[in-house]
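Heads up: the structure comes next, in structure tokens.
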Amino acid sequence: MSPLQKLLARAFLRIAAASPQSVKKAFARACSWIMWRSNSKARMVTECNLAISFPGMPEDERLRLARRCLYQFTLSLFEVGRTWLWPFERLESRVVRVVGLELLQELAASGAGTVLLVPHLGNWELALLLLSKDYSITTLYKQPKSAEADDFIRNFRQRRGTRLVPGTPSGLRSLLKALRSGQVVAVLPDQVPSRSSGMFAPFFGKKTLTMTLVANLLQRTKAKAICCYSKLLANGDYELVLKAVDDRIYDANLETSLTGLNASVENCVVDCIEQYQWQYKRYKYLPNMEPRNYRDLHSRLYVDLSPREI
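Mapping the sequence shown onto the working numbering, position 142 (from 1) lands on 145, and the numbers just tick up by one.
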């Protein structure tokens with residue numbers, strides 16, 4: 004990250020943090036309209052992911068949903084400003100409801116380690132920020148190639164004490180140590196893993212490469228898991244939600260465990276489907292481990308493809 008890029012990033016964050024919700028919504032509408040009209044990559048991936056996940060959805064309904072998803076995606080980019088720059092007390096005041104916190108409180112009281120599953124849903128960074136007030140949280144993250152970018156991101160994401168560790172052997176050891184000490188470890192469970200660290204399991208009925216990390220952590224430490232996300236409400240406030248996981252996630256059989264993991268994520272996504280990051284290539288690999296050609300799929304979406312062909 005060059006000095007100019009860092010300057011522009013900080014300027015964007017400050018403007019986004021200072022802008023009222025009505026202004027951010029106006030910019031999000033404009034940006035999402037441009038992304039839609041220009042047939043952007045974000046639109047292409049969103050439409051493909053929705054078609055894969057909901058093959059039975061009527062085409063016109065899926066198109067309307069895709070447009071709403073793009074709007075929520077662009078709005079979430081503007082939300083980063085206040086998440087990273089607002090004083091914590093001010094951010095906390097915008098959380099009007101907390102649902103399911105007793106699940107985490109009970110686990111903490113029992114001394115058990117907790118794997119917090121935080122999918123790409125709503126303002127997931129805010130969810131971690133809020134919980135780090137009362138809990139020691141360690142989370143994996145993908146290190147940028149640039150040391151300057153790494154410092155820039157760490158400066159904001161660790162401001163409430165959340166500990167970031169890289170996805171290296173030493174980082175994994177840090178996760179195990181935290182869980183065995185009864186602490187909280189946060190994982191983005193819907194992140195596409197490398198081919199060597201994943202296995203295919205159904206996600207919205209379609210086999211997709213799924214990380215084995217969560218299953219391994221649970222089996223090796225006997226920790227418990229909870230899902231968590233922060234949902235943006237229409238007026239700009241937030242609802243923090245914690246949910247119980249699908250019990251299959253604890254199964255010793257890896258495929259069964261991963262099926263439970265994906266089912267747990269699905270249960271969160273359906274609560275605010277438009278706020279899921281459908282712009283991410285969740286179905287990146289086909290079951291034969293070949294990369295999925297999203298561009299080719301998008302060109303064939305509206306030629307009456309059968310669900311099996313998708």
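Backbone N, C-alpha and C define an ideal beta-carbon position, used for all residues, glycine too.
Computed from a predicted structure; not experimentally measured.
From Cys275, Leu216, Ser197, Arg85, residue whose alpha carbon lies closest to that of Tyr286: Ser197
Neighbourhood of Ala19 by C-beta distance below 6 Å, restricted to the same chain and skipping five residues each side: Phe81, Gly84
With DSSP run on the structure shown, which of helix, strand or coil describes Cys230? strand
Select from Ala130, Leu143, Gln186 the residue whose C-alpha is nearest the C-alpha of Ala115. Gln186
According to DSSP, simplified to helix, strand and coil, what is Tyr288? strand
At least 3 beta-carbon pairs within less than 8 Å: the segment 87-104 vs the segment 31-48: no
In terms of alpha-carbon separation, which member of Pro192, Pro205, Glu242, Tyr241 lies closest to Leu220? Pro192
Pro310 versus Glu258 - alpha carbon distance: Confidence at Pro310 is low in this model, with a pLDDT of 49, below 50, so its placement is unreliable and the value that follows should be read with caution. So the two alpha carbons sit approximately 23 Å from each other.
Count the other C-beta atoms from every protein chain shown that fall within 10 angstroms of the C-beta of Ala21, then say buried if there are 16 or more, exposed otherwise. exposed
Output the distance between the C-alpha atoms of Thr142 and Glu128, rounded to the nearest integer angstrom. 11 Å
Using the DSSP secondary-structure output, state which residues sit across from Thr141 in a beta bridge. Arg166, Val188
Under the three-state DSSP convention, the category Arg176 falls into: helix
Distance between Asp274 and Ala112 (C-alpha atoms, nearest Å): 28 Å
Relative to the C-alpha of Phe91, which candidate in Ser135, Ala237, Cys51, Ser25 has its C-alpha closest? Ser135
Three or more C-beta pairs below 8 Å linking the segment 117-128 and the segment 214-231: yes
Helix, strand or coil, according to DSSP, for Tyr305 in the structure here? coil
Does DSSP put Tyr279 in a helix, in a strand, or in coil? strand
Under DSSP, the beta strand (DSSP E) around Arg251 begins and ends at which residues? Careful: Arg251 lies outside any beta strand (DSSP E) and carries neither H nor E.
Leaving out five residues on either side along the sequence, give the residues of the same chain with a beta carbon under 7 Å from the beta carbon of Leu167. Thr142, Tyr144, Arg157, Arg160, Gln161
Just reading off the alpha helix (DSSP H) that Arg46 is part of, what are its end residues? 44-56
Tell me which same chain residues have a C-beta within less than 6 Å of the C-beta of Pro51, skipping the five on either side of it? Reading off the sequence shown, one finds Cys at residue 51, where the question assumed Pro. Hits under 6 Å: Tyr297, Leu300, His301.
Beta-carbon contacts of Cys231 that lie in its chain and below 6 Å, excluding the five residues immediately before and after: Leu119, Val121, Ala130, Leu245
In its own chain, which residues sit with a C-beta less than 8 Å from the C-beta of Leu53, not counting the 5 before and 5 after it? Met60, Arg65, Leu68, Ala69, Cys72, Trp281
Assign Met60 to one of three DSSP states: helix, strand, or coil. coil
Alpha-carbon to alpha-carbon, Ser267 and Lys209: 15 Å
Who are the near neighbours of Gly239 in its chain, counting only those whose CB is closer than 6 Å to its CB and skipping five residues on each side? Gln24
Whole-number beta carbon distance between Ala255 and Gln278, since they are thought to touch under 8 Å: Rounded, the Cβ-Cβ distance is 34 Å, inconsistent with contact.
For Leu10, report the span of its beta strand (DSSP E) as first-last. First-last for Leu10: 6-21, but that is the alpha helix (DSSP H), not the beta strand (DSSP E).
State the Cα-Cα distance for the pair Leu110 and Ser233, rounded to the nearest angstrom. 20 Å
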